[in-house]
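For the sequence shown, position 11 matches number 20 in this note's numbering, and the numbering has no gaps at all. We treat Cβ as the ideally placed atom computed from N, Cα and C, and that holds for glycine. Note that the coordinates shown come from a computational prediction; the quantities given were computed from them, not determined experimentally.
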Amino acid sequence: MAGLCGGWLQLAKLYGGFFVVDVRLLLWLVLLCLLVSVGGVLLWPRLKGLRQMAPAGAALFVFFFVLGLALLHWVGGYPVFVIRSFFQLP
Numbered sequence: 010m011a012g013l014c015g016g017w018l019q020l021a022k023l024y025g026g027f028f029v030v031d032v033r034l035l036l037w038l039v040l041l042c043l044l045v046s047v048g049g050v051l052l053w054p055r056l057k058g059l060r061q062m063a064p065a066g067a068a069l070f071v072f073f074f075v076l077g078l079a080l081l082h083w084v085g086g087y088p089v090f091v092i093r094s095f096f097q098l099p
């Protein structure tokens, strides 16, 4: 088995990098999205019971979280996740 895989494994290159997360901005974004999703679920008159509110709240949270990440990154110029350096491993 080692003889079969040896050729392409030697050609493969391994890379590493430093990945930075702005924790304060991420926490602010999570709390804001949580507040908006809970408010949206509570103001939606058709939802009755936890069985309908939980998936709607999760969907609203994910939608606003991804929208917030995109707006902060591309429009605001404040990226939450940044790759500082990228290098090849020996």
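Segment limits, alpha helix (DSSP H) that includes residue i
| i | result |
| --- | --- |
| VAL5 | Residue 5 lies beyond the stretch modelled for the chain, which goes from 10 to 99, so this question has no answer here. |
| VAL75 | 59–79 |
Residue range of the unbroken beta strand (DSSP E) whose run includes residue i
| i | result |
| --- | --- |
| ARG93 | 90–97 |
Per-residue burial, residue i [other beta carbons within 10 Å of its own, 16 or more giving buried]
| i | result |
| --- | --- |
| VAL50 | buried |
| SER94 | exposed |
| PHE27 | exposed |
| GLY77 | buried |
| TYR24 | exposed |
| PHE96 | exposed |
| LEU38 | buried |
Assigned secondary structure, residue i (DSSP; H/G/I helix, E/B strand, else coil)
| i | result |
| --- | --- |
| GLY86 | coil |
Pairwise C-alpha distance: residue j and residue i
| i | j | result |
| --- | --- | --- |
| ARG29 | SER46 | Here residue 29 is Val; the residue named in the question, Arg, does not match the sequence. Straight-line Cα distance between these residues: approximately 27 Å. |
| GLY66 | GLY85 | 26 Å |
| MET10 | PHE90 | Any reading at MET10 needs caution, since the residue's pLDDT is 47, under 50, leaving its predicted position unreliable; the model's value is listed next. Going by the C-alpha atoms only, they are around 40 Å apart. |
| ASP31 | LEU43 | 18 Å |
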